[in-house]
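Numbering (full-length UniProt numbering), first residue to last: 1 to 275.
Here you go:
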């Protein structure tokens, strides 16, 4: 078995991969390589390098790890589909049992890399410059879009995609992911930050049977009383609110003052926005 592994033979990753029917898509050596890669990633001494996998793997697999990455013939989409089906099965079973809603959570992050020299012949595939909200500037690296499924405390990864702006926008990718979801057993919600809060995602969520909960950019226009014709931007409207306009609510022993706007956005009718 794998050197220094923390997983016993009877609970091995190999058995889990077989449970997903990966042995239908991969040869036995390919399954072992995949198992060794996953074991390496949770082992002490792993630093995100292929050489780390080779060093941590059993000796008979070390010389063929690179060959597996570069030349081994397998269809990752088939494996991804099998894993997604398994995740959906677990989350939907949890919802049936608990009668709790299902949450589809989407977000993105940047895996930063060193900017290559202009003389570099083979730059890292799909690396480019992306705007980092965390650093407040453009950084070089991979932008990764991640989605999770959650129900009653059970949270499982559903998808991890490298964002390729030449192929598909993040909005289009998110729409595509939402369409892969079955109807929720009870209620269902799509959770996202402000860059996903747009008409296309609203419509995709509704069509799939989910309500949308997300942050909004403060320049979005609403149409409250007194501004029904031209509307007013959120940040401007917030400055007009008085303390008596707010309600005091209690959430888990903590109290908050909130204002709930119910009305229209420019691209969506009948929304609820909490300030």
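Cβ atoms here follow ideal geometry from the backbone N, Cα and C, with glycine treated the same way.
Three-state secondary structure (DSSP) at residue i?
{"i": "residue 131", "result": "strand"}
{"i": "residue 195", "result": "helix"}
{"i": "residue 156", "result": "strand"}
{"i": "residue 218", "result": "coil"}
{"i": "residue 64", "result": "coil"}
{"i": "residue 105", "result": "strand"}
{"i": "residue 12", "result": "coil"}
{"i": "residue 164", "result": "coil"}
{"i": "residue 23", "result": "helix"}
{"i": "residue 100", "result": "coil"}
{"i": "residue 95", "result": "helix"}
{"i": "residue 250", "result": "strand"}
{"i": "residue 5", "result": "Its pLDDT being 48, under 50, residue 5 is placed unreliably by the model, and nothing is read from it."}
{"i": "residue 233", "result": "strand"}
{"i": "residue 17", "result": "helix"}
Applying the criterion that 16 or more other CB atoms from any shown protein chain within 10 Å of the CB defines a buried residue, is residue i buried or exposed?
{"i": "residue 94", "result": "buried"}
{"i": "residue 226", "result": "exposed"}
{"i": "residue 153", "result": "exposed"}
{"i": "residue 73", "result": "exposed"}
{"i": "residue 204", "result": "buried"}
{"i": "residue 40", "result": "buried"}
{"i": "residue 81", "result": "exposed"}
{"i": "residue 229", "result": "exposed"}
{"i": "residue 108", "result": "buried"}
{"i": "residue 190", "result": "buried"}
Identify every residue that forms a DSSP beta bridge with residue i.
{"i": "residue 137", "result": "132"}
{"i": "residue 260", "result": "274"}
{"i": "residue 188", "result": "102"}
{"i": "residue 146", "result": "107, 160"}
{"i": "residue 212", "result": "190"}
Apart from the five residues on each side of it in sequence, which residues of its chain come closer than 7 Å, Cβ to Cβ, to residue i?
{"i": "residue 248", "result": "255, 257"}
Within the same chain, show all residues whose beta-carbon is closer than 8 Å to that of residue i, passing over the 5 residues directly before and after it, in chain order.
{"i": "residue 90", "result": "154, 156"}
{"i": "residue 84", "result": "158, 159, 180"}
{"i": "residue 168", "result": "176"}
Looking only at its chain, what residues have a beta carbon closer than 6 Å to the beta carbon of residue i, apart from the 5 residues adjacent to it on each side?
{"i": "residue 151", "result": "91, 94, 95, 100, 102"}
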